[in-house]
Amino acid sequence: MTEQGEMRVVLIQGDIKLGDPEANHQHMQRLLERAVEQYPDAKLAVLPEMWNTGYALPQIHELADPEGKTSREWLSAFAKKHQISIVGGSIAEKRDGQIYNTMYAYNEEGTEVSRYDKLHLFRLMDEEKYLEPGAQPEMFELGNGLTAGASICYDIRFPELARTLALNGARALIVPAEWPNPRLHHWRTLLTARAIENQMYVIACNRVGKGGDTEFFGHSLIIDPWGEIVAEGGEGEEIVSGVIRPGLVDEVRGRIPVFEDRRPSIYFSGK
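So this is what it looks like as structure tokens:
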């Protein structure tokens, strides 16, 4: 059980069936139910990236959830029923004739507190050919003093985004992903760097299984503001759980005052 000032996080490290939203919805429902049964004190659940369709991009216009309606109604109802905040990974959403890779977040009352469209599109998986990029960063409150910033998969290769979120008050970075083999070293290193340089928690949920010819290795991670690993998944489907203490962010930032020692007036800009 968690103590005062602590918060249990569960990561839904699941497989995704390529191009089958109904099957994926049912599967994520089962995994979320398993998570809250296994960890009744959990206060935050995070799903992986594009869990409703996987990267079935050639068919994405037919598969995407219009306005995210089906996914949003389900996530909101689940959060309210189980009194748990949910960052719903991300979904393929159809909006105004465009397709977005979109993250939704809900508080314990089932109220939608955030919508974030992935800012950086990954050319190696042809995202830019099928998806529309987001327009702005996004932050949201998750309770227990935890202000979170949104980041989806490829976004973590852009340290400017995480730093912008940290400078604006984010104490955690939430990262749903479909991060594939063989780049496990990149995954661990980039997530750890984002935690250390911004003195924040990084909470990252990666999928497992195979989508087309691409294999995914899991290793979902919870990393604290010192860069220490709180919890890490294996390579199979599982519920990854860890306890975080949002107050640790202030302690670390007080010990090493990185933000006070910045000199933005001399940094290059617009390059």
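For the working numbering, count along the sequence shown from 1 and bump the result up by 3. Beta carbons: idealized from backbone N, C-alpha and C, even for Gly. In this text, all values refer to a predicted model and were calculated from it rather than measured experimentally.
*Does DSSP put Q101 in a helix, in a strand, or in coil?*
strand
*Using only alpha-carbon positions, find the residue among E200, E218, G8 and S79 that is nearest to D264.*
E200
*Alpha carbon to alpha carbon, what distance is there between G8 and E227?*
A quick correction: the sequence has Asp, not Glu, at residue 227. Rounded to the nearest angstrom, the two C-alpha atoms are 15 Å apart.
*Does DSSP classify S268 as helix, strand or coil?*
helix
*Return the chain-ordered ranges of every alpha helix (DSSP H) run that is complete within the region 67 to 114 and spans a minimum of 4 residues.*
72 to 85
*My guess is that L224 and E235 are in contact by the Cβ rule of under 8 Å, so how many angstroms apart are they, rounded?*
5 Å
*Alpha-carbon spacing of P61 relative to D23, whole angstroms*: 13 Å
*Determine contact between the region 252 to 259 and the region 43 to 58, defined as no fewer than three beta-carbon pairs at a distance below 8 Å.*
no
*Between F219 and L187, is the Cβ-Cβ spacing less than 7 Å?*
no
*Could you pull the start and end residues of the alpha helix (DSSP H) that G146 belongs to?*
It is not in any alpha helix (DSSP H) - G146 carries neither H nor E in the DSSP assignment.
*Taking only the alpha-carbon atoms, compute the straight-line gap between Q101 and L124 and give it to the nearest angstrom.*
14 Å
*Of the choices F271, V233 and G214, whose alpha-carbon is the least far from that of D18?*
G214
*Pick from A59, N110, F143 and I259 that is closest to A80, judged by C-alpha positions*: N110
*asked:* Per DSSP, what are the beta-bridge partners of S154 in this structure?
replied: Looking at the DSSP assignment, S154 forms no beta bridge with any residue, so it has no partner.
*Between the C-alpha atoms of Y270 and I242, what's the straight-line distance to the nearest angstrom?*
42 Å
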